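> One structure, as structure tokens, below. Some questions next.
In the working numbering, the protein residues as written are 113 to 195.
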């Protein structure tokens, strides 16, 4: 079954306290090559049958209207992953 993956990230101007906490913890765990972290969300929508343009359009609409908060988040990707 194909899966539609939706990725949502905080808008660049929005503070990301979880990302900042992760960024601060990384050097203490020996990971020193990273200068910043932004934490987002990933949704996987399983599709019965074929992913048509209509199904993909519905996924994009759901991403914009329900899976993200457009005031503070951007939908950065909506893509199909085949099994």
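From the three backbone atoms N, C-alpha and C, an ideal C-beta is built for every residue, glycine too.
Remember, predicted model here, so these are calculated numbers, not experimental data.
Looking at C-beta atoms only, is the number of pairs between the segment 147–161 and the segment 115–124 that lie closer than 8 angstroms three or more?
The segment 147–161 vs the segment 115–124: in contact.
> Measuring only the C-alpha atoms, how far is residue 190 from residue 144?
Cα to Cα, residue 190 sits roughly 31 angstroms from residue 144.
> Between 194, 195, 173, 192, which has its C-alpha nearest residue 186's C-alpha?
Checking every option, the nearest Cα to that of residue 186 belongs to 173.
> Mind pulling the alpha helix (DSSP H) runs of 4 or more residues that sit fully within the segment 128–162?
If we require 4 residues or more, the alpha helix (DSSP H) runs fully inside the segment 128–162 come out as 129–137.
> Just checking my contact of residue 114 with residue 195 at CB under 8 angstroms: how many whole Å lie between their CB atoms?
That pair is a contact at about 7 angstroms.
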